[in-house]
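The sequence shown lines up with residues 0 to 147 when you count with numbering that gives the first Met the number 0.
Glycine included, C-beta positions come from ideal geometry on N, C-alpha and C.
Since we're looking at a predicted model, the values are computed, not measured.
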Amino acid sequence: MSVALRMRGATRNCIGCLDTMRSCICTLLRLLAGLALAIAALNALAAGTPEKTFNMNIVHGALAADERVLRVDKGDAVRVRVTSDTPGELHLHGYRLEAKLTPAARAELVFTAYATGRYPFEWHGAGRGGQTGSHHGPAFAALEVRPK
Ligand SMILES: [Cu+2]
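Next comes the structure, spelled out in structure tokens:
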């Protein structure tokens, strides 16, 4: 409002004012273009990192045999897509990752395999009386990270 009033009042400064606005918009556009380039560069970087994607479909608290061992190399970007037909929590011990699941809510564990070794996944089903708190059920899957 005040800008429009000032422009109407001082006609001589109007062109200068418009020029300033134009250069302002130019600067903004340049900034946005720079930002877009930066984002593209980041995407290219991310694309250069091999990503290994796994699916874990937990049925009655167990996994199919071919989903029980996840093999990756150190430095890999890892994505684990998890579903469960019963509510509970999935833990990846050693990497200190966890995901809460319900039949309606799938989850993803996304991380970089920074440490080599074998790490157990554990499933903590909700609603089983003795399984709450710190008690851990048997390991039902493992992450194997090989050195490069
Ligand atoms: Cu656990």
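Check	Outcome
Are there 16 or more other CB atoms within 10 angstroms of the CB of His123, so buried, or fewer, so exposed?	buried
Taking DSSP as the reference, what is the three-state secondary structure of Ala114?	coil
In terms of alpha-carbon separation, which member of Phe139, Asp84, Arg80 and Thr115 lies closest to Gly145?	Strictly speaking, residue 145 in this sequence is Arg, with Gly absent from that position. With distances taken between Cα atoms, Arg145 lies closest to Thr115.
Between Leu69 and the rest of its own chain, which residues show a CB-CB distance below 6 Å, the 5 nearest in sequence each way excluded?	Phe53 and Leu142
Rank Phe120, Lys147 and Arg78 by C-alpha distance to the C-alpha of Glu88 and give the top, closest one.	Phe120
Return the residue from the list Arg78, Leu108 and Gly74 that minimises the CA-CA distance to Arg95.	Leu108
Where does Tyr113 land, buried or exposed, given buried means 16+ other C-beta within 10 angstroms?	exposed
Give me the Cα-Cα distance between Ala64 and Ala103, rounded to the nearest whole angstrom.	24 Å
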